[in-house]
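What follows is a short report on a single structure.
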Amino acid sequence: SVFCWGAGAGQDVGRSCILVSIAGKNVMLDCGMHMGYNDDRRFPDFSYITQNGRLTDFLDCVIISHFHLDHCGALPYFSEMVGYDGPIYMTHPTKAICPILLEDYRKITVDKKGEINFFTSQMIKDCMKKVVAVHLHQTVQVDEELEIKAYYAGHVLGAAMFQIKVGCESVVYTGDYNMTPDRHLGAAWIDKCRPDLLISESTYATTIRDSKRCRERDFLKKVHETVERGGKVLIPVFALGRAQELCILLETFWERMNLKAPIYFSTGLTEKANHYYKLFITWTNQKIRKTFVQRNMFEFKHIKAFDRAFADNPGPMVVFATPGMLHAGQSLQIFKKWAGNEKNMVIMPGYCVQGTVGHKILSGQRKLEMEGRQILEVKMQVEYMSFSAHADAKGIMQLIRQAEPRNVLLVHGEAKKMEFLKQKIEQEFHVNCYMPANGETTTIFTNPSIPVDISLGLLKRETAIGLLPDVKKPQLMHGTLIMKDNSFRLVSPEQALKELGLAEHQLRFTCRVHIQDPRKEHETVLRVYNHLKGVLKDYSVQHLPDGSITVESILIQATAHSEDQGTKVLLVSWTYQDEELGSYLTSLLKKGLPPSTS
Amino acid sequence: MTRECSLLLPRVCAALADPRQPGSDDTCLEKLLDWFRLLTKFDPGVELLQNNPCLTEFITSMLALPEPSPSILSFTLRLAGILAASENCFQHLQQEQLLVRLFGRDGPLNSALWKDASVRSGWVNGVHSMMRHQPALHLLCHGGGIDVIFTLQGDSSLFVSSAASQLLVDMLILSVETETTKPVSTKDCDWPACAQMIIKHIEDSLQSSSASHIEQSLKLLTNLFGSCRAPWTEVLWLNIAKQIESFLMEDTVQAQHMLADLLLRMAWSPVFCDSEGSFWTLVTSALERLTPVQAGPLAVGLLKLYKCPQDVRIQALTVLLQPMDCILRAASQPLEYTGLLDESVSDPITVEGLLSSKSSCASLLCQTLAQLEELLSTFREEKTFRDLPCASLLRSIMTILQLCNGFLSPASPLGSTLSRILINCFRVQRSALDVLAELSDLRGCDTLIGSLFDVLLAYLESPNTNPTVLKKAFQATCKWLVRLQELSYSNSQWQHTEKILKDVFLVLQKRLCSPCWEVRDSSLEFLTDMIKCLSDQDEFRQSLLSSEVPRLTENLLEDPESYVRASAVTAVGHLAFIAYFAPESPVTGNQYNKENTAAKLQEILSTDPEGFPRRAVISIFIEWLSQGCTGQLEDTGQFVSRVIQTVQHDLDWEVRLGGLELIQDFCHQTFCQLGLPQRPDDPVSSAVTSSIRESESLQIFCRAKLFSFLFRSLCDCDKTLGQRACRILLDLSNHFYPLGTPRDLDETVDLPVRHSIACLQRTLRQGSLAQNFPTDGVDFEDPESMMLALGTIDLIELYDELNKSSDHVEKSPQSLLQDILATVGTVEENEADCY
């Protein structure tokens with residue numbers, strides 16, 4: 001079953017967190033936060049996982065797909081404040097970069113007043129110590145039954161899709177992914193793993209967007225024009241991800257156009273970020289890897305570290321500053337300084353939550369109230385440019401074609417808009433497609449084929465009676481099924497008895513048949529004996545001295561009915577081996593005895 | 001509501017009700033509801049609706065829409081519920097039958113939109129918000145709404161189903177508490193109408209054969225008994241007790257797993273825990289009949305209960321100790337076994353069965369260990385725990401740990417099965433080490449301390465130990481070392497202690513060189529923890545300083561991983577306390593030299609490319625200063641000055657903040673050492689000497705170059721710094737100008753100085769937008785100028801300004817309304833694109 005906390009509808013972003021229960025194992029996929037709230041709504045409400053009992057006991061592991069905060073932002077809260085103590089898996093780059101972003105966000109958050117219930121630096125570190133880093137395509141055994149495997153997802157450095165497998169059942173979770181390569185990352189790829197379920201993000205499933213090339217050209221044109229007319233360009237970013245992509249873009253453009261205006265990157269984060277891009281060069285795309293031999297793309301010639309005094313320098317410049325939503329710190333400070341000049345420009349490359357200056361200027365507000373009731377008039381140009389890398393409807397279809405899942409579940413999208421895609425998937429691939437609302441549990445039934453080991457003894461016995469194995473003809477085989485420690489074995493009953501140290505018991509079926517016969521009991525018995533002897537010619541029917549009759553293992557005894565002497569009760573009993581004969585005999589007796597000849 | 005907001009609200013309502021507009025982002029709608037919740041809470045009168053007719057109009061127009069968007073409809077339902085929370089407003093809205101139309105049969109619940117989980121969620125939340133008074137109760141109970149809530153208990157959305165369950169609880173409480181004229185009693189069950197409907201529903205569900213209905217009712221009862229402690233709950237209980245008991249005794253319905261929680265909530269309610277007989281009998285039989293996994297949470301909850309009867313307590317403890325007892329039994333020779341439990345009370349067959357199965361063994365042990373840890377930490381303060389056989393428990397934990405690392409392979413059948421199952425089981429190791437650490441606080445375990453360290457050292461040494469497990473082993477070792485020291489005081493087992501310490505440091509040496517940063521970091525943290533707890537023990541100091549640990553720790557100051565460098569800084573800083581700051585510090589080789597260490601840390605502070613190590617350095621410096629390790633006033637002044645020069649340009653605001661903290665402590669110490677009062681109104685010895693010392697202190701501060709950093713911080717883009725700097729400057733100002741002292745020094749100060757300070761004041765007013773700081777001409781090292789600055793600059797005004805929350809605009813309702821309005825008409829949607 002799959003349960004999503006999820007974000008809200010519309011343009012809401014955040015809190016990617018999915019609980020998957022597969023063959024008795026519980027796995028949490030991503031542990032994201034919602035950046036739009038300052039209270040406990042920013043984290044998923046984990047009390048829905050288990051009402052009583054500890055999370056560590058309930059969950060087998062947590063998997064983080066990539067370092068974006070809407071996928072990992074609640075992780076330190078979950079592991080250090082809620083108290084999850086079990087293993088956490090992510091790729092090596094994600095493990096390296098995740099704490100930078102968490103730290104970045106923590107600093108911005110605690111800078112504000114009234115922020116409580118937020119994790120500390122120490123908690124981020126303690127959380128990261130619990131993380132087990134994985135390589136791409138490495139099968140990681142979480143425990144004896146549960147294994148996971150990471151596949152390349154594009155999107156951001158270190159982003160991965162994960163296959164979760166228990167026995168023969170499996171789920172693939174895509175996280176965020178991108179099916180077309182971009183400037184510094186390759187396209188997502190997965191093998192034909194035929195999972196029972198593919199959980200795919202569908203952020204851009206219904207959005208038609210310009211090609212990324214167009215957006216990049218547009219971006220460069222705008223920056224160039226501003227710099228040419230002597231203006232300053234502010235690009236508020238978070239430390240990692242988008243920033244590096246834009247840096248490469250500007251660096252190559254500056255080189256090609258031989259531009260002289262300085263480009264700065266604020267707060268010293270760039271070195272560390274770029275360090276990781278260099279370290280994890282194998283995770284970037286082929287082009288970057290190839291050129292790496294001649295020149296490292298992340299060693300920028302034109303991009304320098306920013307000092308706060310530079311903001312007041314005359315002349316054009318481009319500055320990347322954190323944080324990305326213009327809600328505090330350096331980016332906001334520079335914005336305030338430059339906002340009044342129409343020659344300048346601010347380019348917002350990402351999502352901004354309500355209430356932030358970024359959100360306000362993006363929605364077109366030009367008179368902003370600042371602290372102390374001052375009004376800041378925004379005369380500079382404001383541009384929004386989205387460079388994020390998600391799969392669109394075509395990409396989602398492509399991935400389904402690659403992986404060939406038996407079911408598809410779409411998360412991150414609006415149900416109404418997604419209906420079309422759902423139908424398309426169902427028609428083209430003949431699989432079920434689900435789109436659960438937040439808080440809804442989707443249950444998917446699988447038909448697992450369960451492997452059973454057959455003992456050699458049993459096999460030999462079957463061949464001894466002439467049944468040679470034939471691939472084309474499935475055979476029915478009788479034996480005793482032993483279930484032990486989650487494995488199944490079919491053995492002969494004798495072997496089972498021996499292995500389990502049990503004694504054999506005979507099971508007898510008994511049945512009472514009422515016969516109308518006023519004679520004495522021994523006379524009735526004699527009539528029955530004669531009748532059976534006549535009917536069952538091939539069997540040995542015996543009349544024993546104690547007055548009972550036997551036919552093979554079947555035993556028949558007669559007694560008079562306690563209340564009605566005219567009725568005789570025949571007690572018939574037989575063993576399992578003579579089940580067929582026993583049933584036949586009972587039905588025969590139930591029809592009554594033939595009229596007496598004597 | 002402010003005037004600005006009431007002017008914006010009609011436009012916002014119109015925009016939200018306009019189906020042509022793109023839907024607002026959910027966060028905005030949530031925040032809008034937060035605001036209304038706040039408004040109605042402080043002013044429940046009908047004025048809100050009367051003064052803002054747009055609200056009623058909004059609801060009306062939403063009801064008129066043939067196909068509203070689910071998210072806006074959900075918002076409307078929740079808004080209406082919040083507004084109708086006060087009876088007056090409820091009546092006002094009902095004048096136009098708005099609430100009936102929203103929550104009644106012909107409302108959304110009968111439309112196609114009901115399929116959308118967000119609409120159902122909005123409906124339940126709306127009803128829940130207004131469920132504060134009888135009219136709301138009647139609207140629901142007489143309008144058929146209550147049946148909808150019954151159905152929603154089984155909703156496919158967990159958010160909806162749990163909200164529905166809680167709603168029924170609150171409705172039941174509301175009904176009984178507002179509609180009963182005389183107290184409900186066992187004899188005369190005269191429940192009010194609405195309560196009766198709910199109770200009948202509970203009873204019917206409990207008697208039904210549907211497992212899900214039974215589960216829903218049990219959940220409802222659990223919530224009820226957990227939140228309501230009124231005597232009438234007992235009357236309700238008596239009606240259903242038999243049925244509940246049957247769930248426990250018969251296996252026909254699978255409801256046992258919910259019973260533990262229900263009974264626990266009841267046990268915590270004074271209504272039931274004070275009762276005699278039947279309730280506790282039921283609890284006892286639950287402890288006996290439920291599986292160990294189901295009974296565990298009940299047992300631990302009962303043991304925390306002050307009023308739990310003794311026999312129930314023993315039973316509960318038996319549940320928790322049974323697995324531990326089995327472990328001990330399985331690992332001991334038949335004759336040497338001294339168990340945890342009296343054999344007369346223990347019935348180990350079920351537990352042994354669970355322990356010998358691979359699928360259940362680890363989870364049962366983890367659960368039990370976690371519960372024991374929870375219990376021990378609850379009673380940590382008391383140092384003793386009634387009825388708990390500490391030594392045997394410790395032995396069982398040690399046995400588990402030895403089974404887990406393969407150091408024990410008992411001969412008994414269960415023992416050998418356990419050793420096969422548990423070997424390398426990290427989950428169990430983690431939980432066992434947590435309990436082990438907790439046990440160090442209890443008395444009565446001391447006899448085993450020797451063998452305990454053997455177990456711990458095996459974990460610390462083994463290369464197979466997982467990093468998380470190692471960290472827990474370090475934590476447990478530290479706690480037991482403290483206990484060991486306490487014991488060796490009383491028992492004078494010096495030699496034994498010395499041996500253990502030597503072994504610990506040997507293992508630590510190895511771990512400090514681990515290729516895995518997590519291990520190096522945990523090792524350094526362990527070292528720091530040990531120093532903090534044991535630095536006053538001679539043999540600890542001797543063992544540490546004679547080992548290789550200090551040298552290796554210093555090497556880690558150059559670790560490639562910044563987390564490790566930071567922990568190394570902290571450890572080196574603490575090592576300094578015992579190596580050369582403490583008066584009785586042993587004389588060691590010249591590699592441990594105060595100046596060397598300080599210089600190294602100072603270098604890290606100025607050159608390390610990452611924040612963590614620099615932050616660690618400044619924290620250590622603060623600690624050194626506060627412990628008086630930085631020498632005489634003169635030396636300390638120079639030290640502080642050097643540090644401030646380095647940190648004032650640091651890119652990390654937390655490092656700069658650390659610099660300010662250092663200044664604050666330094667000022668405090670200077671006043672102390674010069675014998676000056678801490679607060680202006682403290683008594684002074686002599687006015688003349690005091691004034692000389694005042695000027696001396698000011699000179700010291702100027703020489704240490706504090707003021708440039710302090711004033712610069714007022715304009716820092718990170719507001720926290722401005723606040724802290726302003727607080728320090730205010731304190732200094734109050735110190736140098738006690739109440740009633742004239743602040744106007746214009747007469748005595750030169751004109752250029754006066755001019756420069758006026759200029760500084762102007763710069764400060766610009767705050768973080770200030771250019772070219774420091775202002776030309778201000779001499780921050782001149783006592784006269786600084787005295788003038790402290791006297792004339794209006795620091796109180798600045799402080800108020802800085803203390804305005806940096807997100808007060810972000811949080812204001814006016815800003816929210818403006819933001820919603822601003823998105824109206826934006827044709828192009830900005831795609832959700834996040835970091």
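Protein chains in written order, with UniProt numbering: chain G, 1 to 598; chain X, 1 to 835.
We put the beta carbon where it would ideally sit given N, CA and C, even for glycine.
Exercise for the section: State the Cα-Cα distance for the pair G:I148 and G:V27, rounded to the nearest angstrom. Expected result: 10 Å
Exercise for the section: Kindly indicate the opening and closing residues of the beta strand (DSSP E) around X:C516. Expected result: First-last for X:C516: undefined, no H or E at that position.
Handout entry: X:S708 vs X:E781 beta-carbon contact at 9 Å
Key = Yes. Within cutoff.
Exercise for the section: Check whether the Cβ of X:A473 lies closer than 8 Å to any heavy atom of the ligand GTP, and answer yes or no. Expected result: Within the structure as shown, the ligand GTP is missing, as the structure has no ligands at all.
Problem - Length of the line joining the Cα atoms of X:N590 and X:D521 - result: Note that X:N590 scores a pLDDT of 46, beneath 50, so its modelled location is shaky; the value from the coordinates is reported in the next line. Those two C-alpha atoms are separated by around 26 Å.
Practice task
Give me the Cα-Cα distance between X:S278 and X:E245, rounded to the nearest whole angstrom.
Solution key: Taking C-alpha positions only, X:S278 is separated from X:E245 by approximately 11 Å.
Practice task
With a 10 Å radius around its C-beta and 16 neighbouring C-beta atoms as the bar for buried, classify G:M257 as buried or exposed.
Solution key: exposed
Exercise for the section: Classify G:K260 as buried or exposed, calling it buried when 16 or more other Cβ atoms lie within 10 Å of its own Cβ. Expected result: Around the beta carbon of G:K260, fewer than 16 other beta carbons lie within 10 angstroms, which makes this residue exposed.
Practice task
Grab the span of the beta strand (DSSP E) containing G:V131 for me, first residue to last.
Solution key: Counting along the chain, G:V131 sits inside the beta strand (DSSP E) bounded by residues V131 to V134.
Exercise for the section: Compute the distance between the beta-carbons of X:F75 and X:C13, then report whether it is under 9 Å. Expected result: No, these two residues do not count as a Cβ contact at 9 Å.
Handout entry: Same chain only: Cβ atoms within 7 Å of G:V131, ignoring 5 sequence neighbours per side
Key = I88, M90 and K95
Exercise for the section: Could you name the residues of chain X that G:Y37 contacts, counting a contact when the two beta carbons are closer than 9 Å? Expected result: Counting only Cβ-Cβ distances below 9 Å, G:Y37 has contacts in chain X at T27, E30 and K31, in chain order.
Handout entry: Nearest-angstrom Cα separation, counted from X:I349 out to X:Q254
Key = 22 Å
Exercise for the section: Determine the contact status of X:E554 and X:T597, defining contact as a CB-CB distance below 9 Å. Expected result: Yes, the pair counts as a contact, with Cβ atoms nearer than the cut-off.
Handout entry: G:L157 beta carbon less than 9 Å from that of G:N407
Key = no
Exercise for the section: Evaluate X:S523 with the Cβ neighbour count: other Cβ atoms within 10 Å of its Cβ, from every protein chain shown; 16 or more gives buried, anything less gives exposed. Expected result: buried
Problem - the segment 194–204 of chain X in contact with the segment 139–150 of chain X per 3-pair CB rule at 8 Å - result: yes
Practice task
Kindly list, in the order they appear in chain G, the residues whose Cβ is closer than 8 Å to that of X:L422.
Solution key: Simply none; closest approach about 13 Å.
Exercise for the section: Quick one: which residues of the segment 502–529 of chain X get their C-beta closer than 8 Å to a C-beta of chain G? List them in chain order. Expected result: E518, D521 and S522
Handout entry: Cβ distance (whole Å) where X:E486 is taken to contact X:S543 below 8 Å
Key = In this structure X:E486 does not touch X:S543 by the C-beta definition: roughly 17 Å separates them, more than the 8 Å allowed.
Handout entry: 7 Å Cβ cut-off: residues of chain X touching G:Q423
Key = Here the premise fails: no neighbours, minimum Cβ distance about 17 Å.
Handout entry: Top-ranked residue by Cα proximity to X:E87, from X:T630, X:S208, X:C326 and X:P135
Key = Among X:T630, X:S208, X:C326 and X:P135, the Cα nearest to that of X:E87 belongs to X:P135.
Problem - Rounded C-alpha distance that separates X:L408 from G:L55 - result: 30 Å
Exercise for the section: Kindly indicate if chain X contains any beta-carbon less than 9 Å away from that of G:G167. Expected result: With 9 Å as the cut-off, G:G167 does not count as an interface residue toward chain X.
Problem - DSSP state of G:P236 mapped onto helix, strand, coil - result: strand
Handout entry: Residue burial classification, G:K473 (beta-carbon count within 10 angstroms, cutoff 16)
Key = exposed
Exercise for the section: Consider the Cβ of X:V549: report whether some Cβ of chain G lies at a distance smaller than 9 Å. Expected result: Cβ-Cβ to chain G under 9 Å: no for X:V549.
Problem - CA-to-CA distance, X:S285 to X:L376, given in whole angstroms - result: 25 Å
Exercise for the section: Please confirm if G:K278 has its CB atom under 9 Å from at least one CB of chain X. Expected result: no
Handout entry: Same chain only: Cβ atoms within 6 Å of G:S530, ignoring 5 sequence neighbours per side
Key = Note that residue 530 of chain G is Asn in the sequence shown here, rather than Ser. Correct list: empty, nothing qualifies.
Handout entry: Selection of the segment 150–165 of chain X by Cβ proximity to chain G, strictly under 8 Å
Key = S156, S157, L158, F159, V160 and S162
Practice task
Can you give me the Cβ contacts of G:W338 inside the same chain, cut-off strictly under 7 Å, excluding the 5 residues immediately before and after it?
Solution key: K232, L234, N344 and M380
Problem - Closest residue to X:L137 among X:L109, X:V160 and X:Q91 (Cα-Cα distance) - result: X:Q91
Handout entry: X:R576 versus X:R565: straight-line alpha-carbon distance, rounded
Key = Per the sequence presented here, residue 576 of chain X reads as Ala, with Arg not at that position. One alpha carbon belongs to X:A576, the other to X:R565, and they sit about 16 Å apart.
Practice task
Could you check what DSSP says for G:N26 in three-state terms: helix, strand or coil?
Solution key: strand
Problem - Whole runs of the beta strand (DSSP E) within the segment 23–89 of chain X, excluding any shorter than 3 residues - result: none
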